[in-house]
Each structure stands twice: as structure tokens, then as C-alpha cells.
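J.: Using our numbering, the letters of the sequence shown map in sequence onto residues 29 to 504.
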Amino acid sequence: CLCRPHRAARAPTACVEVTHHVPLHGGPMRPAEAEAVASPHSGVSWKSTSDTASAPGLDATESSQAHAEGLSHLLHGPYQTDPGVARVIAQSGWPQEIFDDPKKKPRLVSTREEFLEELLLGNHLNDVVVFPGGLRAFGLEDSVPAYLTDAVRKSATVREFLQNVADDKLSELKARLYYTEREDGEEWRFSSEAQLKTSPDGTELVSLKEKATELWKRPDIPDRHMYLAELRKVEKYRHPISNDWVKTAVDCDLRDVVPESHRSLMPYWDVWDEGVFIGGALSGSPLHVDQVSWSNIGKNYVGYKLMAVWEYGPPSFAMLDENLRIMFVNRDHEEQMDVLRSACKIVVARPGDLILFSGANPHTAMCMGDGLSMTAYESFVNLNPAHAEIFVGTRGPDHFDECWADATDVEDIFDDSIDALEDALEYTDRTDVGLHLSHALQDCIDTLVVDPQFARWHSRRTKRRRKSASNTLSSD
């Protein structure tokens with residue numbers, strides 16, 4: 029997704045456990061309900077001691093069997109067995125060999141426990157983790173308001189989508205609206221494309237209602253490649269589950285339904301203004317690097333999406349210099365197809381899939397299929413030192429400079445992370461999370477403090493704790 033640097037507002041109260049969605053492991057998993065086992069990539073993994081929750085309408089045995097059979101079908105050759113995937117690949121025009129190359133395929137997980145481990149502790153740099161059917165597994169398949177989902181499903185184009193959403197709802201929403209006037213066969217570079225921002229008299233168009241009204245007056249704007257990016261509420265509001273100040277248009281996020289330990293220990297997790305992205309076939313987010321080097325949770329609600337990911341850092345800088353903000357829609361452009369062949373991962377996201385990837389990796393995402401696609405993203409930084417290192421490497425030599433966020437925005441985001449780390453350390457003081465997670469948190473902090481902003485915080489915190497300990501000894 030395209031990055032949204034901001035200053036997140038923190039709520040005074042903690043997020044509550046969700047009870048109206050499919051529960052995790054038969055109920056919210058607490059730290060005491062999990063044990064650490066060896067993991068070759070992170071040293072820690074989650075292992076549930078409870079049974080998997082039943083799917084609606086099935087008893088536990090039937091649900092487990094159906095889940096296993098479904099995942100077996102998905103995990104063993106998904107590109108060959110899903111006819112929708114085959115149609116998407118043909119529609120894209122991308123070289124068939126990049127989908128067949130085992131080295132370019134994403135890493136698939138089959139259970140909530142595996143996904144939760146990857147979320148909190150895993151290293152997905154230069155990789156993509158996909159949980160087929162993950163939205164349903166976490167009870168999130170209906171977490172986008174019905175008026176948006178229904179409009180997406182009944183619409184063939186973004187223009188139709190805007191017509192199918194009530195005016196009062198459009199007035200509450202904002203989004204970037206991209207389109208292209210280039211003819212087929214021409215290079216498509218988003219930096220040269222149009223974004224509907226103002227009316228002819230120069231008035232800024234803020235809400236989707238204002239943009240939709242202007243769009244009605246512009247039949248010259250083609251529907252092909254039209255794309256809504258970063259759809260969210262115009263005004264902030266208190267989220268009904270977490271009580272955080274947010275602008276997200278999504279009713280319930282992954283952050284709202286994971287175990288308390290995952291919410292409390294994550295060094296950064298943004299749902300303040302999480303974006304929803306909607307588009308038809310061959311529209312999407314062009315090649316870019318996120319402006320902040322965090323990771324993303326992709327929630328693919330409707331339609332198919334293609335992703336290509338390239339190696340992190342300087343090895344990809346020359347490729348970015350030549351192809352930044354290009355959409356790879358021209359199958360006859362051999363140089364573009366060669367760039368796709370150089371990607372380290374190629375992903376076909378299907379309806380209902382959850383995806384983890386690093387926004388620090390160069391990446392592009394393209395909507396595919398017969399109708400519209402709808403995906404939402406949550407940005408986060410987990411405890412893995414590799415991701416902590418690239419997070420504080422934002423605006424550094426390994427971060428492509430044409431994609432940098434403003435320095436003040438990065439400082440604000442680092443401040444948010446520092447607040448989260450304070451909360452995480454307080455959480456470990458009052459909760460027995462186990463040595464494995466305590467050590468993982470400390471390893472993450474040790475990595476983050478190479479940055480001066482985090483180092484100053486850590487120094488102040490250390491002095492406060494020493495003074496507190498000294499005062500306690502004196503009083504004794």
C-alpha cells in the first residue's frame with residue numbers, strides 16, 4: 029500500500045477483547061494458554077493448547093476436517109488448482125514462468141497460531157506470508173461495513189461504485205482518486221497520471237461526495253485503471269471496540285481480535301487511518317517503497333490482487349530509478365516484463381486471504397478479476413530485530429530517497445512507537461508473558477536504540493528507573 033505518515037492519537041483506555049466475532053482458539057488466547065517452542069527463524073513460536081474454534085454451522089470435528097481439507101487444497105499447488113487464479117494470471121499478461129518459479133512463491137501458513145507467530149516474531153523481509161482464508165479464520169470477513177462491500181460487489185467500475193454508495197455515506201469518506209488518460213500500449217507511470225483533487229475553479233475536493241459530483245461532470249475521464257486509494261473517514265471518531273481515535277472505515281481490525289499479548293507487545297501498530305483500496309482490473313498501487321519502513325497486513329476482502337516484491341535496499345535502487353511508480357500493465361513491453369522477472373516474490377491474493385509483507389521492500393499491487401477488488405492494510409512493526417533495524421533505517425542509506433516521508437512525520441511516528449514500547453514494558457511488568465517474549469521485546473529495543481530518538485528515550489527511562497529504585501532503597 030502507499031504509505032500514510034501521520035501522528036496517531038492514543039486512546040486513554042485499552043482495547044477490549046472482541047466477543048462478537050469468531051473467537052481465537054475457542055476464546056481469546058491469553059499468554060498462559062500458549063507455550064514457546066523452537067522456531068528456526070525467530071527462536072519463538074506460538075502453540076495453542078486449545079482446540080480450533082468451529083466454523084459457523086459446523087461442529088468442531090466437521091469444522092476441523094473441512095478446514096484441513098480446504099487448506100490442503102489451497103496449500104498444495106494453489107496456482108494450479110484454483111481456476112480463478114489461472115484466469116487472473118492470463119488476464120495480467122505477466123510472464124507465466126514467474127508464477128511457476130518455486131523461489132518466487134510466498135510462504136503459506138495454514139493456522140491462526142502460525143500466522144500469529146509470524147505477525148509478532150517472524151522475519152518477512154524479502155518475503156511474503158499468506159494465510160489463505162485468514163479473514164474468515166479471524167472472524168473478519170464481514171468487518172468492512174456492508175454498504176461498502178455491497179457497492180463493491182455490484183459495481184464493475186469505480187464510477188459505478190461511487191454511484192452505488194449513498195450520498196450521506198460518501199460525505200463521510202475521503203480517498204485519492206487516480207485515473208489515466210493514456211492509450212493502451214503506452215507506458216503507464218502514476219507520477220504522470222491524473223488525480224481528481226480540485227474542481228475546474230480550483231476548489232479542493234475533500235470528501236468522496238465532492239469527488240463523485242465532479243466525476244459526474246467529467247464523462248471524458250475513462251473508467252479504465254481508475255483507482256481509489258487510502259479510503260477512510262473524513263473526521264476522526266472513537267472506535268467502538270478499541271476506544272482509540274481513528275479514521276479507519278473498517279469496523280473491526282486484526283488488531284482488535286488478536287491476543288492481548290500481540291496488541292500490547294507490538295512496537296508499532298497503526299489503525300488510526302488505515303486505508304481501503306478499491307479498483308478494477310489492471311488498476312492498483314504502482315511500484316514504490318513505503319515512506320516509512322514498516323510492515324503491512326493486507327486484508328483482501330473482495331476480488332483478486334497480484335503483488336510483486338523486490339529485494340530490500342540498494343540492490344534494487346537502479347531498478348527503482350528506472351521504474352518508480354510504474355504499473356506493469358503492458359505485456360508487450362519486454363523491458364517491463366524483465367523487471368517483473370527480477371522480483372523476488374510474486375503473489376496472487378485471493379478473496380479472504382491475509383498477507384504479511386514489508387513495505388520497505390519495493391512492491392506493486394494490481395487489482396485483477398472480472399469486478400472490483402477491495403483490500404485494506406494495517407501498518408505495524410513487530411519484535412523481530414530485522415524489522416526493528418529497517419524501521420529505524422527510515423530515511424537512511426538503505427531507504428530509497430525518492431520515497432522518504434518528511435522528517436517531522438517520521439519523528440512523530442517514532443514517538444508513537446516509543447509510547448507503545450512504554451506500554452509494552454509496563455505490560456510485561458504486570459503480566460507473565462514468559463521469558464521468550466520478554467527476551468524478544470528486549471532484543472527489539474536493543475536494536476531500536478541505535479537511533480538517537482530511541483536512544484534518548486531509553487536513557488531517560490533508565491535514569492527514571494534507577495532513581496525510583498534508589499528512592500525505594502532509601503525509604504527502606
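All residues carry an ideal CB built from backbone N, CA and C; glycine is no exception.
Can you have a look at residue 321 and say buried or exposed, based on whether 16 or more other CB atoms are within 10 angstroms of its CB?
T.: buried
J.: Which same chain residues end up closer than 7 Å to residue 248 when comparing Cβ atoms and leaving out the 5 residues on each side of it in sequence?
T.: none
J.: Go ahead and label residue 124 buried or exposed: buried means 16 or more other beta carbons lie within 10 angstroms of its beta carbon, across all protein chains shown.
T.: Exposed: under 16 other Cβ atoms inside 10 Å.
J.: Confirm, please, whether the CB-CB distance from residue 330 to residue 379 is below 7 Å.
T.: yes
J.: By Cβ distance, which residues of its chain are closer than 7 Å to residue 199, with the 5 residues on each side in sequence left out?
T.: 235, 237
J.: Could you give the DSSP three-state label for residue 431: helix, strand or coil?
T.: helix
J.: With DSSP run on the structure shown, which of helix, strand or coil describes residue 373?
T.: Note: residue 373 maps to strand in three-state DSSP.
J.: Under the three-state reduction of DSSP, which class applies to residue 94: helix, strand or coil?
T.: Residue placement at residue 94 is flagged as unreliable, the pLDDT there being 44, under the threshold of 50; a coordinate-derived value is accordingly withheld.
J.: If you drop the 5 nearest sequence neighbours on each side, which residues of the same chain put their C-beta closer than 7 Å to that of residue 180?
T.: 189, 306, 330, 400, 402
J.: Answer with buried or exposed for residue 336, where buried requires no fewer than 16 other C-beta atoms within 10 angstroms of its C-beta.
T.: Looking at its Cβ environment, which holds 16 or more other Cβ atoms inside 10 Å, residue 336 is buried.
J.: Select from 184, 140, 279 the residue whose C-alpha is nearest the C-alpha of residue 398.
T.: The candidate whose alpha carbon is nearest that of residue 398 is 184.
J.: So, is residue 505 buried or exposed, given that buried needs 16 or more other C-beta atoms within 10 angstroms?
T.: Shown here, the chain extends from 29 to 504; a query on residue 505 therefore has no answer.
J.: Identify the residues that DSSP records as bridge partners of residue 226: which are they?
T.: 232
J.: Given a threshold of 16 other Cβ atoms within 10 Å of its Cβ, counted over all protein chains shown, does residue 244 qualify as buried or as exposed?
T.: exposed
J.: What are the uninterrupted segments assigned as alpha helix (DSSP H) that are 4 or more residues long and contained completely in the region 380-449, given in chain order?
T.: 413-420
J.: Would residue 457 be called buried (16 or more neighbouring beta carbons within 10 Å of its own) or exposed?
T.: exposed
J.: Going by alpha carbons, who is nearest to residue 341 out of 428, 315, 368, 369?
T.: 428
J.: Answer with buried or exposed for residue 207, where buried requires no fewer than 16 other C-beta atoms within 10 angstroms of its C-beta.
T.: buried
J.: Specify the secondary structure class of residue 159 as computed by DSSP and reduced to three states.
T.: strand
J.: Which class does residue 328 belong to by DSSP, given the choice of helix, strand or coil?
T.: strand
J.: Between the beta-carbon of residue 381 and the beta-carbon of residue 186, is there less than 7 Å?
T.: Note that the C-beta distance between residue 381 and residue 186 is not below 7 Å.
J.: Rounded to the nearest angstrom, what separates residue 277 and residue 303 at their Cα positions?
T.: It is roughly 8 Å from the alpha-carbon of residue 277 to the alpha-carbon of residue 303.
J.: Output the distance between the C-alpha atoms of residue 91 and residue 165, rounded to the nearest integer angstrom.
T.: Below a pLDDT of 50, predicted positions are generally treated as unreliable, and residue 91, at 40, falls in that range; the measurement from the model is reported next regardless. Straight-line Cα distance between these residues: approximately 11 Å.
J.: Mapping DSSP to helix, strand and coil, what is residue 137?
T.: coil
J.: Would you grab the beta carbon distance between residue 323 and residue 384 for me? Rounded to a whole angstrom, and I think it's under 8 Å.
T.: 7 Å
J.: Take the Cβ of residue 298 as the centre, count every other Cβ of all protein chains shown within 10 Å, and call the residue buried at 16 or more, exposed below.
T.: buried
J.: Give me the Cα-Cα distance between residue 286 and residue 412, rounded to the nearest whole angstrom.
T.: 18 Å
J.: So what does DSSP say about residue 333, is it helix, strand or coil?
T.: strand
J.: Pick out whichever of 345, 392, 270, 296 has its Cα sitting closest to the Cα of residue 420.
T.: 296
J.: Give me the Cα-Cα distance between residue 223 and residue 346, rounded to the nearest whole angstrom.
T.: Using only the alpha carbons, I get a separation of about 27 Å.
J.: Looking at the secondary structure, which residues open and close the beta strand (DSSP E) in which residue 306 lies?
T.: 296-307
J.: Is it buried or exposed, residue 134, if we count other Cβ atoms within 10 angstroms and call 16 or more buried?
T.: Looking at its Cβ environment, which holds 16 or more other Cβ atoms inside 10 Å, residue 134 is buried.
J.: Between which two residues does the beta strand (DSSP E) harbouring residue 201 extend?
T.: 201-207
J.: On a CA-only basis, which of 483, 149, 390 is nearest residue 464? Give me that one, please.
T.: It is 149.
J.: Hey, would you say residue 406 sits closer than 7 Å to residue 354, going by beta carbons?
T.: no
J.: Using a Cβ-Cβ cut-off of 7 Å (strictly less than) and excluding sequence neighbours within five positions of residue 432, which residues of its own chain qualify?
T.: 319, 423
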